[in-house]
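Protein chains in written order, with my numbering: chain Y, 1099 to 1403; chain C, 4 to 558. C-beta: ideal position from N, C-alpha, C; glycine also.
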């Protein structure tokens, strides 16, 4: 029903000239236009996940800047793996909980949380602690494990990726909050905000088969989350994205917040100990204009708790 | 002998067993770890017997309980506990409702002792010589498991997910979709053909399967000859109305001699319920002096009273029967010829690497992967041992949350037909899961605890560089490394800043996550070759990180 009414709205919108607002995903970027005095990037460290977020979002103008009363919000953490929170292969459940709470406080009508997991979704949702966290906070878990939930969308600026099947919740949401965890990655070197969005599409294998870095960058030109919150509380420094044991994890107690996912990735790369351009998809996305990776020219707010 | 309550008990118990067993096979998540599952599986005869030979555990003494029950009351097992028997009863019941009412529902059938005991001997003989073929094709639980797990489960999943979609259209997420990974279609032919045959046989001949082809039925038939209580027709009450005989699904009541062939009786108690004269029911054998045997020769001035009813009870004269059985039967020949052709077709359907797969990668891969050994589930240990214990009931296939366990065609050879193997094209073995060993009702898959399962080496990953995307397309991938739980598969520098997989065999557990994730087609660039005898992998050792705590932000 929602899917149908959405499509109807798009087609009606095209007739009446409001198609741009309804149909163009760039509206997400427009909605997050930085206001005066608000930094491009907020970096917080030395705290627990909840405290890091509280201070970070405050520095970015508060959740009310992103979530308006009655809106439908999607929070997209990384729930890829059937491993426990201390292994840091999934987004920290405490951070997810805090974000859902902030959204509801800001007046969100519904807050959905989902991921198209790598391991079996039931195990991953449960073991990651995110299922419980979302329930406790009053959010709703949605499944991402069935092709029926995904719809084909075009990627107009994509070079390798011309179309993908994207989760319907992303199409329906008023606000998208991307909450990746910073990790090492065997194939892509690093996984942060852009790579986390692979979890909103159905066929990831196709990306791997068709120039992974280019596909990640292509998708970043299409879908711009309103807010990216990089969980760098526990960081999987090697053996990512799944990790082998807690010996692979460093407790960095940090968090990065930005409306630009390329900026978030560039800063995360630095935090990890890599130059942004050493990660191909960050370099390509920057070159394609999907976002800004030139940290030296951006307004950065650094907070140490 | 007023014992009409017996049938009521039978129906209630049977429906409870059927419901829990069916649910176990179609939606394991729902009841797999509840007492209902334990109760449903405990008395299943062959699995329990096989497990007992492995474990000598109390939990595996169900077959003893069944033997004791049979020694007391006959084959109660066949109508109350064994799901395949209950399924036949339901088919018979429905067919009866659909048909025009008829007086004679069933006829007395001759015991086919040569066939039923022959099947039993063949099954035991093949089992002792190390082949499970006869047992897996004929065992009632195996067949029920395959009907419920292989045929009914996909329908259940479709219905369940349809409901999910309906709820989604109302804006509610839930119930979350279930997954069903399709096995090789040829393996579905076995339960499908068996079910068709079983339905036909039940509609035409009642419980003939149980007294002709079922090895458990034959064995319990032998045991029930010695039962303490038997269903009998004492001389005094019977009015020769023949109701018992025409309602007997097993065709084992012979009015001529007022005998119940208790070795074929499946204890459905229908005869007791329909007998208005209360002339049939459970009774202990009485001393001969109270109930003398009926006279062998009769007065010549009329037929024996029972002869009046023999035509009603469907008994044909013996010579007519013989002539019937000797005549050539064209239908049977067609059937045999058809089955032979079917077998040839099925063998042709065995999947081969890369056949019928469209590549999505730019450069289709060329090196064909030849697996020397199939990969058996974790806890199978030695392939020969595993193949000798598995009855192919497919409970593990239903229970596997990752859809990696699939029925084999000829991967294990003919005697391992339909036994589960690890199909890494449909799934992979989760590092955090040991469920198949926990649920295996025969002990063919040993119940390893998680720590032991995590070092069970089922086989080893083989990397085929010439098929790898990094090599053929010169772009990054690393899907195999991403999924590897032990980092046996890890990325090493290749060229131009790219990395390419490498396998450390000592760390590989053969879980197939790499093979499953590999996007190269039609032939994958990494695959797991099984071991005939599973080994132990080294535990992954993680050295501590040299963690730098920076005071400043690096930007």
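By the C-beta criterion, the segment 1381-1398 of chain Y is judged not to be in contact with the segment 1301-1309 of chain Y, since fewer than 3 inter-stretch pairs fall below 8 Å. The segment 1261-1281 of chain Y and the segment 1160-1170 of chain Y touch, with three or more beta-carbon pairs separated by less than 8 Å. Judged by pairs of C-beta atoms under 8 Å, the segment 1210-1223 of chain Y touches the segment 1176-1192 of chain Y, as three or more such pairs exist.
When 9 Å is used as the limit between beta carbons, residue 1180/Y is near these residues of chain C: 433, 434, 435, 436, in chain order. Within the segment 469-535 of chain C, the complete beta strand (DSSP E) segments of 3 residues or longer fall at 492-496, 502-506, listed in chain order.
The three-state secondary structure of residue 1243/Y, taken from DSSP, is coil. A check of alpha carbon separations from residue 242/C across 278/C, 267/C, 408/C identifies 278/C as the nearest. Distances from the CA of residue 374/C to each of 515/C, 177/C, 93/C were compared; the closest alpha carbon is that of 515/C.
Residue 114/C and residue 267/C do touch by the CB rule: their CB atoms are close to 6 Å apart, below 8 Å. Its Cα nearest to that of residue 1325/Y, the residue 1363/Y stands out among 1363/Y, 1334/Y, 1313/Y.
Among the residues facing chain C, residue 1257/Y is not included, as its CB has no counterpart in that chain under 8 Å away.
DSSP, reduced to helix, strand and coil, places residue 67/C within a helical segment of the structure shown. The Cβ of residue 526/C sits no closer than 8 Å to any Cβ of chain Y. Looking at the DSSP output, residue 466/C bridges to 529/C. Less than 8 Å divides the Cβ of residue 1243/Y from the Cβ of residue 180/C. The C-beta distance from residue 111/C to residue 257/C rounds to 5 Å, short enough to fall under 8 Å. Partner residues in a beta bridge of residue 448/C, as assigned by DSSP, do not exist.
Shown in chain order are the members of the segment 1211-1230 of chain Y whose Cβ falls below 8 Å from a Cβ of chain C: 1216, 1217, 1218, 1219, 1220, 1221, 1225. DSSP, read as helix, strand or coil, puts residue 1151/Y in helix. At least one beta carbon of chain Y lies nearer than 8 Å to the beta carbon of residue 363/C. For the pair residue 340/C and residue 363/C, the Cα-to-Cα distance works out to about 42 Å. With a minimum length of 4 residues, the unbroken runs of alpha helix (DSSP H) contained wholly in the segment 1170-1209 of chain Y fall at 1191-1203.
Residue 199/C has no beta-bridge partner at all, per DSSP. For a cut-off of 8 Å, the C-beta gap from residue 142/C to residue 219/C is around 7 Å, short enough to register as a contact. Restricting attention to beta strand (DSSP E) runs no shorter than 3 residues, the segment 1208-1283 of chain Y encloses them at 1208-1211, 1248-1252, 1261-1265, 1273-1277, 1279-1283, ordered along the chain. The beta carbon of residue 1233/Y does not come within 8 Å of any beta carbon belonging to chain C, so the residue lies off that interface.
Annotated three-state conformation of residue 1377/Y is coil, per DSSP. In this structure, DSSP gives residue 555/C a state outside helix and strand, which the three-state scheme calls coil. Listed along chain C, the residues sitting closer than 8 Å to residue 1311/Y by beta-carbon distance are 478, 479. Taking a beta-carbon distance threshold of 8 Å, residue 1399/Y does not count as an interface residue toward chain C. For chain Y, the residues of the segment 485-508 of chain C that bring a beta carbon within less than 8 Å of one of its beta carbons are 485, 486, 487, 488, 489, 490, 493, 494, 500, 502, in chain order. Within the DSSP bridge table, the entry for residue 117/C names no partner.
Contact annotation, residue 387/C with residue 145/C: C-beta distance approximately 20 Å; criterion of less than 8 Å not satisfied. For residue 482/C, at least one C-beta of chain Y is nearer than 8 Å to its own C-beta.
Look at residue 405/C here: in three-state DSSP terms it is coil, with no helix or strand label.
For the alpha helix (DSSP H) assignment, the uninterrupted runs of no fewer than 4 residues enclosed by the segment 359-443 of chain C are, from N- to C-terminal side, 386-392, 398-402, 438-442.
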